[in-house]
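The working numbering applies: residue 438 is where the sequence shown begins, and numbers increase by one.
Even glycine gets a Cβ: it sits at the ideal position worked out from N, Cα and C.
Remember, it's a predicted structure, so these values are computed and weren't measured experimentally.
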Amino acid sequence: MNIIFLTKNSRSARSLTLGHGRSLLLVGAVLILLPALALLAGYGLGQYRAERQLLPREWAAEMQRQREEIQQLASKARQDMNGLAVRLGQLQAQAVRLNALGQRLVELGRLDKDEFDFTALPAQGGPAAATQDGRPIEPPDFLRALEALAAELSDRERKLQAMEAIFMNRGLQEEVLPAGRPIRRGWISSYFGMRTDPFTGLREFHKGMDFAGKQGSEVIAVASGVVTWAGDRYGYGRLVEINHGNGYVTRYGHNKELRVKVGDVVEKGQVIALMGSSGRSTGPHVHFEVHYKGKPVNPARYLTRR
Numbered sequence: 438m439n440i441i442f443l444t445k446n447s448r449s450a451r452s453l454t455l456g457h458g459r460s461l462l463l464v465g466a467v468l469i470l471l472p473a474l475a476l477l478a479g480y481g482l483g484q485y486r487a488e489r490q491l492l493p494r495e496w497a498a499e500m501q502r503q504r505e506e507i508q509q510l511a512s513k514a515r516q517d518m519n520g521l522a523v524r525l526g527q528l529q530a531q532a533v534r535l536n537a538l539g540q541r542l543v544e545l546g547r548l549d550k551d552e553f554d555f556t557a558l559p560a561q562g563g564p565a566a567a568t569q570d571g572r573p574i575e576p577p578d579f580l581r582a583l584e585a586l587a588a589e590l591s592d593r594e595r596k597l598q599a600m601e602a603i604f605m606n607r608g609l610q611e612e613v614l615p616a617g618r619p620i621r622r623g624w625i626s627s628y629f630g631m632r633t634d635p636f637t638g639l640r641e642f643h644k645g646m647d648f649a650g651k652q653g654s655e656v657i658a659v660a661s662g663v664v665t666w667a668g669d670r671y672g673y674g675r676l677v678e679i680n681h682g683n684g685y686v687t688r689y690g691h692n693k694e695l696r697v698k699v700g701d702v703v704e705k706g707q708v709i710a711l712m713g714s715s716g717r718s719t720g721p722h723v724h725f726e727v728h729y730k731g732k733p734v735n736p737a738r739y740l741t742r743r
């Protein structure tokens with residue numbers, strides 16, 4: 438195979454003679470290199486166009502997605518913080534009520550005010566916590582408030598439990614055991630046990646005793662205790678419920694007006710409501726219940742107790 442070279446400056450032609458084997462190699466190399474070069478050129482052009490056109494749009498979409506995700510997380514975090522702040526406020530209000538209840542119980546029981554001081558912070562101590570580098574740990578203000586509130590509630594709970602035990606041991610049991618009638622004037626209109634229901638006419642169990650009287654007459658507590666319910670309740674109308682400790686609870690239903698609220702400490706004989714006919718009632722009366730360890734018992738056994 439002869440290859441002839443012609444140049445502009447040379448008048449004569451030059452030739453290169455190749456053997457049969459070399460001719461085949463040269464032709465094969467040309468046939469392989471040309472498609473490879475074309476393929477590389479096409480790939481490079483496609484990459485260049487992708488980088489110039491597709492990637493910026495993908496980046497913009499990814500950035501927008503991340504912005505939306507961050508906004509959602511921030512919104513959820515704000516909602517969670519608002520919910521925690523509301524709960525913290527509720528717990529703080531509960532702590533205030535417990536403190537007021539504790540102070541009144543101290544006065545009622547004539548206890549040592551220094552020993553049962555509900556105005557002071559809980560007594561605590563111990564070495565300060567520190568990190569490995571010796572700097573004190575400083576939690577966020579919100580967490581510090583929750584920790585302080587939890588400690589205060591635990592302290593108040595222990596004091597109230599100790600006070601209840603003292604009340605029982607000091608002979609105040611008679612003050613907190615139900616005794617007497619829940620009204621000053623009136624008569625018994627229905628007894629504890631099976632009776633004919635005034636609304637359905639069927640035989641049903643009556644969990645208390647009914648004391649009828651004049652609309653607006655006084656309803657009194659039959660023992661000292663703490664009000665645990667003061668408001669509307671299904672079937673009872675406007676109800677007052679008092680926890681007397683030692684397993685005793687009394688209920689006074691169908692009132693016209695309530696004179697106490699939840700958390701109040703009441704004394705034996707104190708006016709807690711005015712007689713009415715609210716709820717499931719046929720006329721002015723007080724539905725009176727006595728519960729012992731979670732079960733209703735016959736109030737009649739406590740009416741004449743001294």
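Under a Cβ-count criterion, where at least 16 other Cβ atoms within 10 Å of its own Cβ denotes burial, should residue i be classed as buried or exposed?
i: residue 692; result: buried
i: residue 594; result: exposed
i: residue 522; result: exposed
i: residue 596; result: buried
i: residue 629; result: buried
i: residue 518; result: exposed
i: residue 507; result: exposed
i: residue 687; result: buried
i: residue 636; result: exposed
i: residue 703; result: buried
i: residue 661; result: buried
i: residue 742; result: exposed
i: residue 682; result: buried
i: residue 645; result: buried
i: residue 673; result: buried
i: residue 542; result: buried
i: residue 539; result: buried
i: residue 569; result: With a pLDDT of 49 at residue 569, under the threshold of 50, the modelled position of this residue cannot be trusted; read the value that follows with caution. Flag for residue 569 reads exposed.
i: residue 491; result: For residue 491, the predicted structure reports a pLDDT of 46, less than 50, and the residue's modelled location is therefore unreliable. A value from the coordinates is still provided. The residue in question, residue 491, is exposed, as its Cβ has fewer than 16 Cβ neighbours within 10 Å.
Output the boundary residues of the beta strand (DSSP E) element that contains residue i.
i: residue 710; result: 708 to 712
i: residue 679; result: 674 to 682
i: residue 689; result: 685 to 695
i: residue 699; result: Segment: none, residue 699 is in no beta strand (DSSP E) and carries neither H nor E.
i: residue 729; result: 722 to 729
i: residue 705; result: No beta strand (DSSP E) contains residue 705, which DSSP labels as neither H nor E.
i: residue 615; result: Note, residue 615: premise wrong, no beta strand (DSSP E); not H, not E.
Could you spell out the range, first to last residue, of the alpha helix (DSSP H) harbouring residue i?
i: residue 740; result: 737 to 740
Assuming residue i and residue j make a contact with CB atoms under 8 Å, what is their CB distance in whole Å?
i: residue 722; j: residue 647; result: 5 Å
i: residue 643; j: residue 626; result: So it is not a contact: roughly 11 Å between Cβ atoms.
i: residue 619; j: residue 663; result: Not confirmed; about 17 Å, so no contact.
i: residue 650; j: residue 622; result: 6 Å
i: residue 711; j: residue 694; result: 4 Å
i: residue 638; j: residue 534; result: In fact, because the Cβ distance is near 44 Å, the residues do not count as touching under 8 Å.
i: residue 676; j: residue 689; result: 7 Å
i: residue 708; j: residue 657; result: 6 Å
i: residue 666; j: residue 678; result: 4 Å
i: residue 532; j: residue 583; result: No, residue 532 and residue 583 are not in contact; Cβ-Cβ is about 12 Å, not under 8 Å.
i: residue 653; j: residue 740; result: That belief does not hold up - the Cβ atoms of residue 653 and residue 740 are roughly 23 Å apart, past 8 Å.
Compute the minimum distance between the beta carbon of residue i and the heavy atoms of the ligand COA, and state whether it is under 6 Å.
i: residue 678; result: This structure lacks the ligand COA, and indeed carries no ligand of any kind.
Under 7 Å, Cβ to Cβ, is there at least one residue of chain C near residue i?
i: residue 706; result: No chain C appears in the structure shown, which is made up of a single protein chain.
What are the uninterrupted segments assigned as beta strand (DSSP E) that are 3 or more residues long and contained completely in the segment 628 to 665, given in chain order? Taking only runs of at least 3 residues, the beta strand (DSSP E) segments lying wholly in the segment 628 to 665 are 630 to 633, 640 to 643, 646 to 649 and 655 to 657.
Counting beta carbon pairs with one atom in the segment 710 to 718 and one in the segment 728 to 739, are three or more of them shorter than 8 Å? The segment 728 to 739, when compared against the segment 710 to 718, does not touch it at the 8 Å Cβ threshold.
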